[in-house]
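S.K.: If you read the protein sequences in the order shown, they are chains G and Z.
All residue numbers in the first sequence are consecutive under this note's numbering, ending with 1633.
All residue numbers in the second sequence are consecutive under this note's numbering, ending with 1016.
C-beta atoms are modelled at their ideal positions from N, C-alpha and C, and glycine is treated no differently.
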Amino acid sequence: MHNSSLQQLSAALRSKKISSVELTQLYLDRIAALNPQLNAYITLNPETSLAQAREADARIATGNAEALTGIPIAQKDIFCAQGWRTTCGSKMLHNFVSPYDAHVISQFNNAGAINLGKTNMDEFAMGSSNETSHYGAVKNPWDTARVPGGSSGGTAAAVAARLCAAATGTDTGGSIRQPAALCGISGLKPTYGVCSRYGMIAFASSLDQAGPMGRCAEDLALLLNTMAGFDERDSTSLQRDKEDYARDLAKPLNGLRIGLPKEFFAEGLSSDVAQAVEAAIAEYKKLGATVVDISLPNTRLSIPVYYVLAPAEASSNLSRFDGVRYGYRAPDYGDLADMYEQTRAQGFGEEVKRRIMIGTYVLSHGYYDAYYLQAQKIRRLIAQDFTEAFKQCDVIMGPTSPSTAFKLGEKGDDPVQMYLSDIYTIAVNLAGLPGMSIPCGFGDNNMPVGLQIIGNYFDEARMLNAAHQYQLATDWHSRAPQA
Amino acid sequence: MTWEIVIGLEVHTQLSTNTKIFSGASTAFGAEPNTQADAVSLALPGVLPVLNKGAVERAIKFGLATGSHIAPRSVFARKNYFYPDLPKGYQISQMDLPVVGKGALTIQVPSTGSGQAYEKVVRITRAHLEEDAGKSLHGDFHGMTGIDLNRAGTPLLEIVSEPDMSSAAEAIAYAKALHALVCWIGICDGNMQEGSFRCDVNVSVRKPGAPLGTRREIKNLNSFKFMQQAIDYEVQWQIDTLENGGKIQQATILFNPDTGETRAMRSKEDAHDYRYFPDPDLLPLEISPQWIEEVRATLPELPHTKQARYVNELGLSAYDASVLTSSREMADFFEAALNDVPGQAKICANWMIGEVSAQLNRDGLDMTQCPITAQQLGDLLKRIADGTISNSAAKTVFRTIWLWDKVRNNPPSNLVDFIIERDGLKQVSDAGAIEKIVDEIIAANADKVAEYRSGKDKLFGFFVGLAMKASKGQANPAQLNEVLKKKLAG
Chain G
1151 MHNSSLQQLS AALRSKKISS VELTQLYLDR IAALNPQLNA YITLNPETSL
1201 AQAREADARI ATGNAEALTG IPIAQKDIFC AQGWRTTCGS KMLHNFVSPY
1251 DAHVISQFNN AGAINLGKTN MDEFAMGSSN ETSHYGAVKN PWDTARVPGG
1301 SSGGTAAAVA ARLCAAATGT DTGGSIRQPA ALCGISGLKP TYGVCSRYGM
1351 IAFASSLDQA GPMGRCAEDL ALLLNTMAGF DERDSTSLQR DKEDYARDLA
1401 KPLNGLRIGL PKEFFAEGLS SDVAQAVEAA IAEYKKLGAT VVDISLPNTR
1451 LSIPVYYVLA PAEASSNLSR FDGVRYGYRA PDYGDLADMY EQTRAQGFGE
1501 EVKRRIMIGT YVLSHGYYDA YYLQAQKIRR LIAQDFTEAF KQCDVIMGPT
1551 SPSTAFKLGE KGDDPVQMYL SDIYTIAVNL AGLPGMSIPC GFGDNNMPVG
1601 LQIIGNYFDE ARMLNAAHQY QLATDWHSRA PQA
Chain Z
527 MTWEIVIGLE VHTQLSTNTK IFSGASTAFG AEPNTQADAV SLALPGVLPV
577 LNKGAVERAI KFGLATGSHI APRSVFARKN YFYPDLPKGY QISQMDLPVV
627 GKGALTIQVP STGSGQAYEK VVRITRAHLE EDAGKSLHGD FHGMTGIDLN
677 RAGTPLLEIV SEPDMSSAAE AIAYAKALHA LVCWIGICDG NMQEGSFRCD
727 VNVSVRKPGA PLGTRREIKN LNSFKFMQQA IDYEVQWQID TLENGGKIQQ
777 ATILFNPDTG ETRAMRSKED AHDYRYFPDP DLLPLEISPQ WIEEVRATLP
827 ELPHTKQARY VNELGLSAYD ASVLTSSREM ADFFEAALND VPGQAKICAN
877 WMIGEVSAQL NRDGLDMTQC PITAQQLGDL LKRIADGTIS NSAAKTVFRT
927 IWLWDKVRNN PPSNLVDFII ERDGLKQVSD AGAIEKIVDE IIAANADKVA
977 EYRSGKDKLF GFFVGLAMKA SKGQANPAQL NEVLKKKLAG
């Protein structure tokens, strides 16, 4: 049962083969057994989850069930959920119980889904290995000596280890796609503005986007149908008609033009990853797609641009964590300035402090033009690269990450090496485009490899179609790690 | 050697929206601490700002009323600094692209002992939207500071002038004109005690023809009186400092009303680096020409337009017109009263500027608290115009209405006619009755009549007085004069 797709689970619930309470308990039992090893969850509230499951069973009994009613979904601990401790992976919020629901959470609640628990993540979503979490590193279920990727590493590990039916993530520079690739699952970052950011703790507001993570593209479509939609509480939320992201899943891929950016297959890409991705492209050709060589010339600038803009926004977004109103406050301090300094020195981890310092620096008087404004200009050039590319192709494909999952602690001392693991994903956030990662094989250490699919704005349905057709022809997505 | 004074103002006007600039929390003044602090006001993790359109409309109104450029696209920026009453650790404001650009305000500088009154145009540099901070409470909190976030997120329009004012009098005149205007167009309640209109005054001095001197900024003045005192003190302090060979350091200063002195709060050296950058949570504010036209349609007739109309169409003097348009309430009252007696603009203006204003002053009331209604003033003027009562009887009626206890005595629908009737104030215009009174007076004062007839003209007033007294003040004065003249002539 724990290997079933969302559609299978939904059918089982409606036909009363299993109740939501039973299904929720099944996952809670798996979590109890496997989470101590993986550390995928920060907070569990079995009583709350089971109470929701009882309500879902009652709703199913009345015949008013929706696609996700009764299905246990894990939530990245970046989403505020009423009555749930919401830490964002930080000591700063170790005691913060949210008094309100994020838009994404209320969408799931309205659909009757079960909040199974809050998943581990890099502190304030800053990291690519899930090692910056105050609640300890998450282990990759395929090899517990390796990282699951980040920042949505807890979610990726939970989905891969079947510790939930599906889950949510957020992606600022690759935080859905990179861990999805490293854990061998599917993950989608929608077009910026498709999912409301209300109640999602901000890292870099102009880049942050929530998205679904699950076992297959079909599951992602169902999840996105629930997560997406206009929300007047987020001024950057897009006012668009509701769409069915599953509508094109069955379309054949004849004539699909796939763009292969030469910059994604250059120096820095591990050969095992390259092989798996090339094999996937070959599979797509078999499915009727054609391949076009394209160029995204400013790709190499995306990391420096990102590490100016994201920390700039973060340095301001994280100012509210000051020990005054909620969250951590240093136990001993002198005057007001000392209270701020002690609180923030003790409450934030090293990576968060590093980015606050970078961000503060690039916004400082005398540096703003050289860094922040310059980065904004290059950001527009990067977006233009994609606009040009999409004149020649329908989707862009390439590796999600330059390598498979690395060892815990391997890159801990070298932030720049760590930042480079997002080289293929960051440009997508800078452009605001949708991107996804699906499993496409295994590398040298028998670790999963992810294929990245980048679409034009609002082309999620087409990307899901391409992913689903591939998953009909292959079985990488149904491989699961040995428990 | 004289010194030239250079003054510019930055005024924070609290906009009169019911809810905050970026959330639905109430802006009402005086509630229990933190009862108007919603998730956005508290800056809980994950919350986002949503711009209140009402605040934008008020900014547009201000731009229209001052002939200012209204930016088709303006940008909200974050001003970053830490303070306990600033919950997000940044204030959302506007920096490079404000909603309102260059404009102007014409001010009337009143006459002083030595100088004549004059008009001056003060240029407006810009006006931008921003949110207010909360308040620190230093009461008894077990040795700690309390924070009240009710005010956090209240919409402000910060109006910045050019340094066009060259005396305290001009600065006060500008502040008053601005205050009157924002109240007139209904974008601010103008309540200075509650902090709805707060002025920062930039002051510098220089020798005529010299480049601008270094300025010091007096923060947060919330009364015109304090502003006058603060500027006077600061100007003298700067002149004394320079004449004693000192230098002025750029600084932010506070005025202490108890000592009448200004004192430096922080110098330029320890000024914050606010690290402004565009707020990524808010899209640029786009204002279409249609939106501007929609707002223009809701704008009341502006004071200077009204003044011109009063002079040109109603035949009032420039002075009367300016007094009547000193506040929207005054002008509305005048127009409503005049509505009852068309064509009597001059008399109506006299009553407004005379009796009504004088009584309000005497009782320390403002126009909104006026005990007499515009309708009642109109009724009264109508009775003067149709000869029912004399001017002096009208003043009696006016005072009676003023003192009418509205709580205990529910006034009749036409209080003016009721009082005239009840108190017998009707003017006697009956020729026979007046002649009878005059005849009696002449008969009883034969000696005085003889004196008058022998050329002592001054006695005429004596006879008028007697006749008025005999008529209990009700004789039509014009008619009485005529009869007296005729009969005294013999």
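Can you tell which of Z/Thr851, Z/Val647, Z/Gly615, Z/Ala847 has its C-alpha closest to the C-alpha of proline 571 of chain Z?
M.R.: If we check each option's Cα against that of proline 571 of chain Z, Z/Gly615 comes out closest.
S.K.: Start and end of the beta strand (DSSP E) containing leucine 1601 of chain G?
M.R.: 1598-1605 is the extent of the beta strand (DSSP E) around leucine 1601 of chain G.
S.K.: Whose C-alpha, out of G/Asn1606, G/Asp1609, G/Met1597, is nearest the C-alpha of cysteine 1335 of chain G?
M.R.: The sequence shown places isoleucine at residue 1335 of chain G, rather than the cysteine named in the question. Among G/Asn1606, G/Asp1609, G/Met1597, the Cα nearest to that of isoleucine 1335 of chain G is on G/Met1597.
S.K.: Between G/Gly1585, G/Ser1469, G/Ala1539, G/Val1427, which lies nearest to proline 613 of chain Z when the distance is taken from Cα to Cα?
M.R.: Nearest C-alpha to proline 613 of chain Z: G/Ser1469.
S.K.: Which value, in whole angstroms, describes the spacing of the CA atoms of aspartate 889 of chain Z and isoleucine 698 of chain Z?
M.R.: Between aspartate 889 of chain Z and isoleucine 698 of chain Z, the C-alpha separation is close to 25 Å.
S.K.: Any Cβ of chain G within less than 8 Å of the Cβ of arginine 599 of chain Z?
M.R.: No, its Cβ sits nowhere closer than 8 Å to a Cβ of chain G.
S.K.: Are any of the Cβ atoms in chain G nearer than 8 Å to that of alanine 565 of chain Z?
M.R.: At least one chain G Cβ lies under 8 Å of alanine 565 of chain Z.
S.K.: May I ask you to list the residues that DSSP assigns as paired with aspartate 1321 of chain G?
M.R.: Paired residues: G/Gln1359.
S.K.: To the nearest whole angstrom, what separates the beta carbons of glutamate 1610 of chain G and proline 1340 of chain G, a pair I think is in contact under 8 Å?
M.R.: With a Cβ gap of about 6 Å, glutamate 1610 of chain G and proline 1340 of chain G count as contacting.
S.K.: Please state if the CB of phenylalanine 860 of chain Z and the CB of alanine 875 of chain Z are separated by a distance shorter than 8 Å.
M.R.: Cβ distance < 8 Å, so alanine 875 of chain Z and phenylalanine 860 of chain Z count as in contact.
S.K.: Which class does arginine 854 of chain Z belong to by DSSP, given the choice of helix, strand or coil?
M.R.: Helix, per DSSP.
S.K.: Mind checking which residues open and close the alpha helix (DSSP H) that includes glycine 958 of chain Z?
M.R.: Element bounds for glycine 958 of chain Z: 957-970.
S.K.: Give the straight-line distance between the Cα atoms of tyrosine 836 of chain Z and alanine 857 of chain Z, rounded to the nearest whole angstrom.
M.R.: So the two alpha carbons sit approximately 10 Å from each other.
S.K.: What runs of the alpha helix (DSSP H), each 4 residues or longer, lie entirely inside the stretch 888-958 of chain Z?
M.R.: Entirely contained in the stretch 888-958 of chain Z, the alpha helix (DSSP H) runs reaching 4 residues are, in chain order, 900-911, 917-929, 941-948.
S.K.: Please work out which residues of its chain come closer than 7 Å, Cβ to Cβ, to threonine 553 of chain Z, disregarding the five sequence neighbours upstream and downstream, and give them in chain order.
M.R.: Once the five neighbours on either side are set aside, the close Cβ partners of threonine 553 of chain Z are Thr543, Asn544, Thr545, Lys546, Thr680.
S.K.: Which residues, taken in chain order from the stretch 567-599 of chain Z, show a beta carbon closer than 8 Å to some beta carbon of chain G?
M.R.: Residues Leu568, Ala569, Leu570, Pro571, Gly572, Val573, Leu574, Pro575, Val576, Leu577.
S.K.: Per DSSP, what are the beta-bridge partners of threonine 1193 of chain G in this structure?
M.R.: Beta-bridge pairing links threonine 1193 of chain G to G/Lys1268.
S.K.: Could I get the ranges of all uninterrupted beta strand (DSSP E) runs contained in the stretch 702-780 of chain Z, with 3 residues as the minimum, in chain order?
M.R.: Runs found: 723-732, 742-747.
S.K.: What are the boundary residues of the beta strand (DSSP E) that includes cysteine 1590 of chain G?
M.R.: Its beta strand (DSSP E) spans residues 1585-1592.
S.K.: Closer than 8 Å, CB to CB, is serine 1283 of chain G near chain Z or not?
M.R.: For serine 1283 of chain G, the answer is no, since every Cβ of chain Z falls outside 8 Å of its Cβ.
S.K.: Return the chain-ordered list of same chain residues with a C-beta closer than 8 Å to the C-beta of glycine 786 of chain Z, the five sequence neighbours on each side being excluded.
M.R.: If we look at glycine 786 of chain Z and ignore the five residues flanking it on each side, its Cβ neighbours are Gln755, Tyr759.
S.K.: Is the separation between the beta-carbon of isoleucine 1326 of chain G and that of asparagine 1448 of chain G shorter than 8 Å?
M.R.: No, the pair does not count as a contact, with Cβ atoms beyond the cut-off.
S.K.: Residues of chain G with CB under 8 Å from isoleucine 673 of chain Z, in chain order?
M.R.: Under the 8 Å cutoff, chain G gives Val1474, Arg1475.
S.K.: Got a sec? Which residues, its chain only, sit under 8 Å from tyrosine 1285 of chain G by beta carbon, not counting five neighbours each side?
M.R.: Here the set comprises Asn1189, Ile1192, Thr1237, Gly1239, Asn1270.
S.K.: So what's leucine 1332 of chain G in DSSP terms, helix, strand or just coil?
M.R.: The answer is helix: DSSP assigns leucine 1332 of chain G an H, G or I state.
S.K.: Are asparagine 782 of chain Z and isoleucine 533 of chain Z close, meaning C-beta to C-beta below 8 Å?
M.R.: No; because the gap between Cβ atoms is not below 8 Å, this pair is not in contact.
S.K.: Just to confirm my understanding: we take arginine 599 of chain Z, look at its own chain, exclude 5 residues before and 5 after, and list those with CB closer than 6 Å. What are they?
M.R.: Taken in chain order, the residues that qualify are Pro810, Glu812.
S.K.: Does the Cβ-Cβ distance between valine 964 of chain Z and valine 1009 of chain Z come in under 8 Å?
M.R.: In contact: valine 964 of chain Z and valine 1009 of chain Z (Cβ atoms closer than 8 Å).
S.K.: For the stretch 1241-1255 of chain G against the stretch 1343-1357 of chain G, do three or more pairs of beta-carbon atoms, one drawn from each stretch, fall closer than 8 Å, so that the two count as touching?
M.R.: Touching, yes, given that three or more Cβ pairs across the two stretches are closer than 8 Å.
S.K.: Taking alanine 581 of chain Z as the reference, which of Z/Glu657, Z/Ser567, Z/Asn746, Z/Asp622 has the closest Cα?
M.R.: When each option's Cα is compared against that of alanine 581 of chain Z, the closest is Z/Glu657.
S.K.: Are the beta-carbon atoms belonging to leucine 577 of chain Z and alanine 597 of chain Z less than 8 Å from one another?
M.R.: No, they are not a contact pair.
S.K.: Should tyrosine 1348 of chain G be flagged as near chain Z, meaning a C-beta pair shorter than 8 Å?
M.R.: Yes, because at least one Cβ of chain Z sits closer than 8 Å to the Cβ of tyrosine 1348 of chain G.
S.K.: Identify, in the order they occur along the chain, each residue of the same chain with its Cβ nearer than 6 Å to the Cβ of serine 1169 of chain G, setting aside the five sequence neighbours on each side.
M.R.: Here the set comprises Asp1207.
S.K.: Within a Cβ cutoff of 7 Å, which residues of the same chain sit near glycine 1343 of chain G, ignoring the five residues on either side of it in sequence?
M.R.: Within the same chain, glycine 1343 of chain G has close Cβ partners Thr1386, Ser1387, Leu1388.
S.K.: According to a CB-to-CB cut-off of less than 8 Å, which residues of the stretch 1510-1541 of chain G neighbour chain Z?
M.R.: Here the close residues are Thr1510, Leu1513, Ser1514, His1515, Tyr1518, Tyr1522.
S.K.: Is the CB of aspartate 799 of chain Z under 8 Å away from at least one CB in chain G?
M.R.: Chain G contact via Cβ: present.
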